Amino acid sequence: MTPLTPGEWQAIWLTAKLAGLTTVILLILCAPLAWWLARSTSRLANPVAALVSLPLVLPPTVIGFYLLIVLGPQGAVGGTLEALGLHHLAFSFWGILIGSVIYSMPFTVQPLREAFAAIDTRLLDAAATLRAGTLDQFFNVVLPLSRSGILTAVVITFAHTVGEFGVIAMLGGSLPDETRVVSIAIYDYTQALDYGAAHRLSAVLLGFSFLTLLAFYSINRRVMSPLRPR
Amino acid sequence: MLEGDLTLRQGQFELRSGLFALPAQGISVLFGKSGCGKSTLLRAIAGLDKATRGTLRFQGERWQDGGWHLPTPQRDIGFVFQDAALFPHLTVRGNLAFAAQRAPAPQRVDALENIAACADRVGVTDLLDQPVTTLSGGQRQRVAMGRALLMQPRLLCLDEPLSALDWQAKAELLALIDRLARETGLPMLFITHAPQEVERLADRVVFMVDGRIARIEPLHQALARPDSPLFAEEGPVSVLHGQLSAADADGLRHFGTAQLTLRLSLPDDANLSASRLRVLARDVSLATAQPQGMSILNQLPATIVAMHARGRERVTVVCQLADGQTLLAEITRYSCSALALQNGQRVFALVKSVALMG
């Protein structure tokens, strides 16, 4: 097999950057959201949960289409940016980053929500009697006890973003160093009947995905072990 | 003083404490059947349930006023939960440190020293570096007590901390709680549905029925009522307070006060600092004159102060001992009329058996 070309390395780096940023942003956004979903008795909880889960059932093209409208030059967001003298977000890295955040959100919220819901509320009561306020409880009781759920959220979110195609194709097109991630590059190669190059990149994604999941299952067992009764 | 009037609705259950005032000293035991609202009241006092309404003041400080409440972290309440509620991701030391690091500033400076001293006090020094998931039930509760003490509370709440323990761990922890209460002078609220734990620990008893506080009274008063809920299991019981002295020439130990002495034959492992003796009324007989030729060691002069029918055949006789303490005797109605017992009459109480508590 021939070595990867600079353009392909560029696509891999872009993919990693997109998935990494998406994961970080989603962890920060979804930790409070998942906490609220896990604990709230509000009537809004179910509609919000449904809304967040929409990307699980919608074709990526639908999400990509709406985002293209909203973030494009005539859209609510893109148009406002243009009016402010900035550039709209369609066919840009920031555009596909927003798309990835929305598209991968259920994969972050769900494991976090399950981990948070599994925490015995008496531990939080105990922490409160020991003078721990809400934030103190969250960082020193909830997060350490949710290690496994957080790890799951990180791995699944990252891997899912790496595997994203439809939203980016709709919203980002295929601009080198801007929106041409590995999955788009593979599509382009296939369209151009360059099967050798498509093979190379596909093998990279296949290998990456398998190794990620393998590492995940090995680490998860170790991370969880202190919490298991011996 | 802990005083107020709290209400809290939880599904079908409703707590309506009614106006109460508890001295902030010694051990107050919340007693009642399961489902009567003991835990709910304790949680409301600790501010752990946001739906709590009403008023609550501790030492004049406002803790609850209508819908307003002082958040739990600011109430300085140590809380020992039924299942200990230790943090499973921390070691024993980590659990203790969690409390020590959040203690008020002056004590926080010596956090490390405090942890060591506290671990020693509750008997978990050897366990400090173990994960809490490996501990036995009794050990978990010891850690929970240590953790609650390390946060430097002004009030310690214990929600049935012994209910899941075997009898030996239970006895050890009762002794520990009793000792801590005396050594620290920390006011405690202790929940139980076991009369023996009330008799062992209580300075006063808070009787709860159907979500309200039925009455608050000192232990000796609670035990002087012939229909006391504490008597539901084994019939009327008396608790005598006193000190143990060294064994006499016959190998018997003397228990009592200046005007009252009981001679006891104790097992070798008895707790010699115990200060309470439990006497079942059915183990006490009465005689109008001091009997001769009897194997019963303890024949205490007493005065009858009241008599209460107990069922159709039996009578509970309330006797006052030489030092003023109350001793109950349960005799048959037949004996009562055969001996022509009357209030004010001087008799001898023959005590067949006692149990040293501790």
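Residue numbers (our numbering), protein chains in the order written: chain A, 422 to 651; chain B, 2 to 359.
Heads up, the beta-carbon is just placed ideally off N, CA and C, and yes, glycines get one too.
All of these numbers come straight from a predicted model, not from anything done at the bench.
Chain A contact for residue i (CB, 8 angstroms cutoff)
{"i": "B:H70", "result": "no"}
{"i": "B:R103", "result": "yes"}
{"i": "B:P188", "result": "no"}
{"i": "B:L49", "result": "yes"}
{"i": "B:R155", "result": "no"}
{"i": "B:F59", "result": "no"}
{"i": "B:T152", "result": "Looking at the sequence provided, one finds Met at residue 152 of chain B rather than Thr. Yes - at least one Cβ of chain A is within 8 angstroms of the one on B:M152."}
{"i": "B:R148", "result": "yes"}
{"i": "B:T73", "result": "yes"}
{"i": "B:A112", "result": "no"}
{"i": "B:I214", "result": "no"}
{"i": "B:H221", "result": "no"}
{"i": "B:A86", "result": "yes"}
{"i": "B:H90", "result": "yes"}
{"i": "B:A172", "result": "no"}
{"i": "B:A247", "result": "no"}
{"i": "B:F82", "result": "yes"}
{"i": "B:A52", "result": "no"}
{"i": "B:F14", "result": "no"}
{"i": "B:A100", "result": "yes"}
Cut-off 6 angstroms between Cβ atoms - residues of its own chain near residue i, not counting five sequence neighbours on either side
{"i": "B:S266", "result": "L253"}
{"i": "A:S604", "result": "F586"}
{"i": "A:L435", "result": "V602"}
Exposure of residue i, with buried meaning 16 or more beta-carbon neighbours within 10 Å
{"i": "A:W430", "result": "exposed"}
{"i": "B:R122", "result": "buried"}
{"i": "B:F32", "result": "buried"}
{"i": "B:G147", "result": "buried"}
{"i": "B:A247", "result": "exposed"}
{"i": "B:D179", "result": "buried"}
{"i": "A:L556", "result": "exposed"}
{"i": "B:W69", "result": "exposed"}
{"i": "A:I640", "result": "exposed"}
{"i": "B:W168", "result": "exposed"}
{"i": "B:G325", "result": "exposed"}
{"i": "B:D270", "result": "exposed"}
{"i": "A:P650", "result": "The pLDDT assigned to A:P650 is 41, lower than 50, so where the model puts this residue is not dependable; a value taken from the coordinates is nonetheless given after this. With fewer than 16 Cβ atoms within 10 Å of its Cβ, A:P650 is classed as exposed."}
Same chain, Cβ closer than 8 angstroms to residue i, neighbours up to 5 away in sequence not counted
{"i": "A:T443", "result": "L518, S521, V522, S525, T578, F579 and T582"}
{"i": "A:T611", "result": "A619"}
{"i": "B:A182", "result": "G27, I28, M189 and L202"}
{"i": "B:T333", "result": "E314, R315 and V316"}
{"i": "B:L231", "result": "F32, P196, V199, E200, V206, A223, L224 and V238"}
Where the beta strand (DSSP E) through residue i begins and ends
{"i": "B:F279", "result": "Correcting the residue type first, residue 279 of chain B is Arg in the shown sequence and not Phe. R277 to L281 is the span of the beta strand (DSSP E), which, as asked, contains B:R279."}
{"i": "B:V206", "result": "R205 to V210"}
{"i": "B:G5", "result": "L3 to Q11"}
{"i": "B:R264", "result": "L261 to L265"}
{"i": "B:F59", "result": "R54 to F59"}
{"i": "B:Q321", "result": "R315 to L322"}
{"i": "B:E331", "result": "T327 to T333"}
{"i": "B:G257", "result": "R254 to T258"}
{"i": "B:I305", "result": "N299 to R311"}
Below-8 angstroms beta-carbon distance, residue i vs any chain B residue
{"i": "A:D546", "result": "yes"}
{"i": "A:A553", "result": "yes"}
{"i": "A:L648", "result": "Bear in mind that a pLDDT of 48 at A:L648, under 50, signals an unreliable position, so the number given afterwards is only what the model happens to contain. True, the Cβ-Cβ gap to chain B drops below 8 angstroms."}
{"i": "A:R543", "result": "yes"}
{"i": "A:A574", "result": "no"}
{"i": "A:T462", "result": "no"}
{"i": "A:P565", "result": "yes"}
{"i": "A:V562", "result": "yes"}
{"i": "A:A452", "result": "no"}
{"i": "A:A549", "result": "yes"}
{"i": "A:A538", "result": "no"}
Beta-carbon proximity list for residue i, same chain, < 7 angstroms, skipping 5 on both sides
{"i": "B:L16", "result": "L7, T8, L9, G38, T41, L42, A45 and G212"}
{"i": "B:R141", "result": "A85, L87 and V133"}
{"i": "B:T126", "result": "A120"}
{"i": "A:P647", "result": "For A:P647, the pLDDT reaches just 47, beneath the cut-off of 50, and the residue's location in the model is therefore unreliable, although a value from the coordinates is still provided. Hits under 7 angstroms: none found."}
Residue range of the alpha helix (DSSP H) that includes residue i
{"i": "A:I577", "result": "R568 to V583"}
{"i": "B:P43", "result": "The amino acid occupying residue 43 of chain B in the given sequence is Leu; Pro does not appear at that position. Start and end: K39 to A47."}
{"i": "B:L183", "result": "Checking the sequence shown, residue 183 of chain B turns out to be Arg, not Leu. Run containing B:R183: W168 to T185, per the alpha helix (DSSP H) assignment."}
{"i": "B:K29", "result": "Sequence check: residue 29 of chain B is Ser here, not Lys. Not the alpha helix (DSSP H): B:S29 falls in the beta strand (DSSP E), residues I28 to F32."}
Below-8 angstroms beta-carbon distance, residue i vs any chain C residue
{"i": "B:G79", "result": "Considering every chain present, this structure includes no chain C. Its protein chains are A and B."}
* Pair every Cβ in the segment 45-53 of chain B with every Cβ in the segment 61-72 of chain B, then say whether three or more of these pairs are closer than 8 angstroms. => Note that the segment 45-53 of chain B touches the segment 61-72 of chain B; at least 3 beta-carbon pairs, one per stretch, sit closer than 8 angstroms.
* Using 8 angstroms as the Cβ pair cut-off and three pairs as the minimum, do the segment 141-160 of chain B and the segment 10-18 of chain B touch? -> Look at the beta carbons and you see the segment 141-160 of chain B not touching the segment 10-18 of chain B: under three pairs across the two are nearer than 8 angstroms.
* Is there contact here, the segment 302-311 of chain B with the segment 204-222 of chain B, by at least three beta-carbon pairs under 8 angstroms? -> The segment 302-311 of chain B vs the segment 204-222 of chain B: no contact.
* Do the segment 561-574 of chain A and the segment 78-92 of chain B make contact, defined as three or more Cβ pairs closer than 8 angstroms? -> Per the Cβ contact rule, the segment 561-574 of chain A is in contact with the segment 78-92 of chain B (3 or more Cβ pairs under 8 angstroms).
* Examine the Cβ distances between the segment 459-472 of chain A and the segment 630-637 of chain A and report whether three or more of them are shorter than 8 angstroms. => By the Cβ criterion, the segment 459-472 of chain A is not in contact with the segment 630-637 of chain A, since fewer than three pairs of Cβ atoms, one from each stretch, lie closer than 8 angstroms.
* When the Cβ atoms of the segment 593-601 of chain A are set against those of the segment 565-573 of chain A, are three or more pairs found closer than 8 angstroms? -> Too few Cβ pairs lie closer than 8 angstroms, so no.
* Can we say the segment 275-295 of chain B touches the segment 349-356 of chain B, given the rule of at least three CB pairs closer than 8 angstroms? -> Yes, since at least three Cβ pairs between the segment 275-295 of chain B and the segment 349-356 of chain B fall closer than 8 angstroms, the two stretches touch.
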